[in-house]
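Scroll down for the structure; my scribbles are underneath it.
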Amino acid sequence: MAQLSQILPLFVAVVQKEEASSLFPQKQKLLGSTLQWRIPPKLSAAEDQPLMSSSIWTASYSEKILARYNKTFDWSLKAKMMGKKAIEAARVFVEESGISDTLTAEGFLVEREAVLQSLFPTSELMPGASRLIRHLHAKGIPCALATGSQKTHFELKTQKHGKLFSLMHHLVLGDDPEVKQGKPAPDVFLAAAKRFEGSPIDPKKILVFEDAPAGVLAAKNAGMKVVMVPDPRLDSCFYDIADQVLKSLLDLNPSDWGLPPFDNPAS
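FYI, in our numbering the residues of the sequence shown are 3 to 269.
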């Protein structure tokens, strides 16, 4: 399957257990002076991203809309939309593409909705997502989902994967009343952090997995560590925002972050 997506729920915030690493004091040096060592200068084409494949359809439909205006939908525009609430992404779409005089952000969402209603239920998990979530749950590491997706879309995207997402400690969706602003504002991650047991939790003890530049910025604005698993078509200038960049979740070494290692190698 062609992986063209932004991840669907834009990620999983992982709270570090105190006994696991006391949040890896030795890693603080790696994340500072030797940061560039931890971020590959180039990434080969990746076939997978953090959780789910879904935005292939939103990108395809966006291309069709712009074709009506003799315009094209490229990855520089997509990068600006990724991770944001639907209405915020729609505003970026119509304004950056220069069609806002003809099509409003609200109109774009109305046109797109019928397509998403039929296609979102076919969303599949990306390689490595199930393995990571089940591993952390088995090791007693609480996880939460913090996504810009609204509730109705999230339920459509995850309806085939209910058992897996039930392993999450909690979910925070884009239409949650505590999420006043979408990414890159930190609202969604701060709301997720507050709902873990033992809150307030030091943001430095939370690890976020993201694919979107706006999501990476949101995590950093929240004071959290972030692993980016980007689509290879994103401009590599976004990579140096993150604390670590991976081609795939299958490449993750939990021990890098003071987390329990996987019991078995990725297959």
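C-beta atoms are modelled at their ideal positions from N, C-alpha and C, and glycine is treated no differently.
For the stretch 119-195, the full-length beta strand (DSSP E) segments reaching 3 residues or more read 145-148 and 172-174 along the chain.
CA-to-CA, the gap between residue 263 and residue 82 works out to about 34 angstroms. Between the stretch 254-261 and the stretch 137-151, the count of Cβ pairs shorter than 8 angstroms is three or higher; the stretches touch. Under the rule that a run must span 4 or more residues, the alpha helix (DSSP H) segments found entirely inside the stretch 197-236 read 215-223.
In the DSSP assignment, the residues bridged to residue 247 are 230.
Rounded to whole angstroms, the Cβ separation of residue 198 and residue 144 is 6 angstroms, and the two are in contact under 8 angstroms. The beta carbon of residue 221 sits closer than 7 angstroms to the beta carbons of 191, 210, 212 and 228 from its chain, once the five residues preceding and following it are set aside; these are given in chain order. Close CB contacts of residue 240 within its chain, under the 6 angstroms cut and outside five residues either way in sequence, are with 215 (chain order). For residue 92, the enclosing alpha helix (DSSP H) begins and ends at 88-98. If you check the CB distance, residue 189 and residue 182 come in under 7 angstroms.
One thing to note: residue 174 has its Cβ within 7 angstroms of the Cβ of residue 194. Around the beta carbon of residue 268, fewer than 16 other beta carbons lie within 10 angstroms, which makes this residue exposed. Each residue's CA atom was taken as its position, placing residue 108 and residue 89 some 7 angstroms apart.
DSSP places residue 78 inside the alpha helix (DSSP H), whose first and last residues are 77-83. Burial check for residue 164: the Cβ neighbour count within 10 Å stays below 16, so the residue is exposed.
By the CB criterion at 7 angstroms, residue 146 and residue 170 fall inside the cutoff. DSSP places residue 265 in the coil class of the three-state scheme, outside both helix and strand. It is roughly 10 angstroms from the alpha-carbon of residue 123 to the alpha-carbon of residue 156. From the listed residues 253, 238, 230 and 254, the smallest Cα separation to residue 247 is found for 230. The residue from 207, 160, 151 and 206 with its alpha-carbon nearest to that of residue 184 is 151. Assigned with DSSP and collapsed to three states, residue 101 falls in coil, not helix or strand.
Taking all protein chains shown into account, residue 74 has fewer than 16 neighbouring C-beta atoms within 10 Å of its C-beta and is therefore exposed. In the assembly as shown, residue 142 is an exposed residue. Its beta-carbon has fewer than 16 other beta-carbons within 10 Å. Here residue 68 has 74, 75, 99 and 101 as same chain residues with Cβ atoms under 8 angstroms from its own Cβ, once five neighbours each way along the sequence are excluded.
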